[in-house]
């Protein structure tokens with residue numbers, strides 16, 4: 382990818398997963414390797430993940446939430462791998478007991494820990510590692526800085542953990558640090574994307590993500606229904622070479638093209654940062670005053686698109702997106718411009734990552750790419766969906782709006 386390190390950092394900031402509603406402004410004491418959890422706002426956000434979990438009892442078996450829908454995973458992995466559903470992963474009571482006896486340690490290196498998505502991932506990992514008697518010796522937040530994450534990993538490796546679960550700030554610039562971890566014998570499990578040049582089964586265990594293609598399909602169906610399956614729409618996409626967000630937009634556009642012949646994508650606008658949504662949407666609405674709908678690649682720029690629509694006197698605009706952040710959930714609950722979205726399941730993603738780490742400790746074969754199912758969210762199911770995503774009741778503001 383021929384970009385400067387700075388540009389790469391900016392682009393990766395836009396990960397699906399860093400797009401939840403309250404994430405952008407919650408910077409904390411970034412990069413400080415800790416023997417406990419990430420401090421500051423990011424840790425406080427964990428309350429959204431709740432105290433309920435789907436990881437099984439302390440004596441097994443360990444699985445993700447088996448009540449999640451049984452559906453085909455449509456996404457492909459970073460090297461084009463077919464996905465295995467996270468619902469198929471499990472640790473038997475016997476396997477769990479063996480892991481518990483090992484007194485293993487783990488570390489978590491986040492790209493950014495100040496939003497709902499990251500907090501829920503951390504909660505899933507911590508709950509599941511606790512059941513496995515695996516001590517978390519460090520949890521770090523790079524605050525989207527490559528140099529901070531590289532330093533964090535160096536600090537982590539000095540603690541000699543058995544496991545490292547991480548999402549790279551930049552797949553290329555952090556690769557050497559991850560290769561060093563692999564050479565040290567650390568069992569590497571990646572969130573969403575792997576470091577460049579590493580090989581599954583050799584350098585790392587697996588990559589775990591949401592079904593981003595499936596969520597793009599869900600977003601297309603939701604928007605089509607909202608506009609009566611006809612009319613002109615716009616697409617705001619992530620203008621970066623990142624397979625996760627590319628899959629979302631590709632899935633949305635392909636579904637509209639194949640399933641809704643009377644809906645026409647008349648304009649596409651790219652964003653290079655989470656705060657670009659309002660600017661791009663405003664230009665789109667100026668050019669196409671009769672636009673009926675808009676797809677925005679994740680929830681934070683979708684909030685900007687809402688602001689642009691209100692400024693243009695277009696509160697009738699229908700919007701669909703990806704990621705169940707607090708602000709878009711509130712808009713869905715009250716029947717506003719955002720009609721629905723495809724949601725990731727970050728808590729269950731964290732559970733799956735912990736299970737795969739245990740696979741590696743046991744010498745059990747692991748699939749190179751695993752995904753949690755897609756989840757369609759609309760006004761009718763917003764409260765149940767919040768509970769499914771975060772393993773907690775929705776905040777009171779969302780509950781009140783849904784009434």
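In this note's numbering, the protein residues as written are 382 to 784.
Yeah, the Cβ is synthetic: ideal placement off N, Cα and C, and Gly gets one too.
Bear in mind that the values here come from a model prediction, so they are computed numbers and not experimental data.
Can you have a look at residue i and say buried or exposed, based on whether 16 or more other CB atoms are within 10 angstroms of its CB?
i: residue 450; result: exposed
i: residue 543; result: buried
i: residue 671; result: exposed
i: residue 498; result: buried
i: residue 504; result: buried
i: residue 447; result: exposed
i: residue 452; result: exposed
i: residue 530; result: buried
i: residue 426; result: Confidence at residue 426 is low in this model, with a pLDDT of 33, below 50, so its placement is unreliable and the value that follows should be read with caution. When all chains shown are included, residue 426 counts as buried.
i: residue 460; result: exposed
i: residue 440; result: exposed
i: residue 642; result: exposed
i: residue 769; result: buried
i: residue 474; result: exposed
i: residue 778; result: exposed
i: residue 638; result: exposed
i: residue 521; result: buried
i: residue 667; result: exposed
i: residue 535; result: exposed
i: residue 512; result: buried
i: residue 640; result: exposed
i: residue 509; result: buried
Starting from residue i, follow its DSSP beta bridges and name the residues at the other end.
i: residue 474; result: Residue 474 pairs with nothing; no bridge assigned.
i: residue 715; result: According to DSSP, which records beta bridges pairwise, residue 715 is partnered with nothing at all.
i: residue 750; result: 588
i: residue 493; result: Beta-bridge pairing links residue 493 to no other residue.
i: residue 641; result: Note: residue 641 sits in no beta bridge, so no partner.
i: residue 485; result: Bridge partners of residue 485: none, in fact.
i: residue 702; result: 722
i: residue 692; result: Its beta-bridge partners do not exist; DSSP assigns none.
i: residue 520; result: 489
i: residue 613; result: 645
i: residue 581; result: 585
i: residue 619; result: 652
i: residue 674; result: 614 and 699
i: residue 443; result: 472
Using a Cβ-Cβ cut-off of 8 Å (strictly less than) and excluding sequence neighbours within five positions of residue i, which residues of its own chain qualify?
i: residue 647; result: 613, 614, 615, 669 and 672
i: residue 709; result: 402, 680, 683, 684, 702, 719 and 722
i: residue 567; result: 538, 542, 543, 544 and 545
i: residue 607; result: 674, 699, 701, 720 and 721
Apart from the five residues on each side of it in sequence, which residues of its chain come closer than 7 Å, Cβ to Cβ, to residue i?
i: residue 733; result: 445, 467, 470, 589, 751 and 753
i: residue 576; result: 549, 552, 555, 556 and 559
i: residue 582; result: 749
i: residue 780; result: 764
i: residue 758; result: 705, 713, 721, 722, 724 and 766
i: residue 611; result: 643 and 644
i: residue 782; result: 711, 714 and 715
Taking 6 Å as the limit between beta carbons, can you name the residues of its chain near residue i, skipping five residues before and five after?
i: residue 656; result: none
i: residue 747; result: 586, 587, 737 and 740
i: residue 696; result: none
i: residue 584; result: 563
i: residue 636; result: 598 and 601
i: residue 456; result: 464, 592, 593, 594, 628 and 752
i: residue 624; result: 459
i: residue 775; result: 764 and 767
i: residue 651; result: 618 and 620
What is the C-beta distance between residue i and residue j, in whole angstroms, given that I count them as a contact (C-beta under 8 Å)?
i: residue 523; j: residue 537; result: That belief does not hold up - the Cβ atoms of residue 523 and residue 537 are roughly 12 Å apart, past 8 Å.
i: residue 547; j: residue 571; result: 6 Å
i: residue 692; j: residue 664; result: Not a contact, Cβ separation roughly 12 Å.
i: residue 501; j: residue 728; result: 4 Å
i: residue 704; j: residue 653; result: With 8 Å as the limit, residue 704 and residue 653 do not qualify as a contact, their Cβ atoms being about 18 Å apart.
i: residue 677; j: residue 644; result: With a Cβ gap of about 16 Å, residue 677 and residue 644 do not count as contacting.
i: residue 730; j: residue 591; result: 7 Å
Does the stretch 476 to 491 come within contact of the stretch 758 to 771, defined as at least 3 CB pairs closer than 8 Å?
no
Contact between the stretch 631 to 644 and the stretch 597 to 606 (3+ Cβ pairs under 8 Å):
yes
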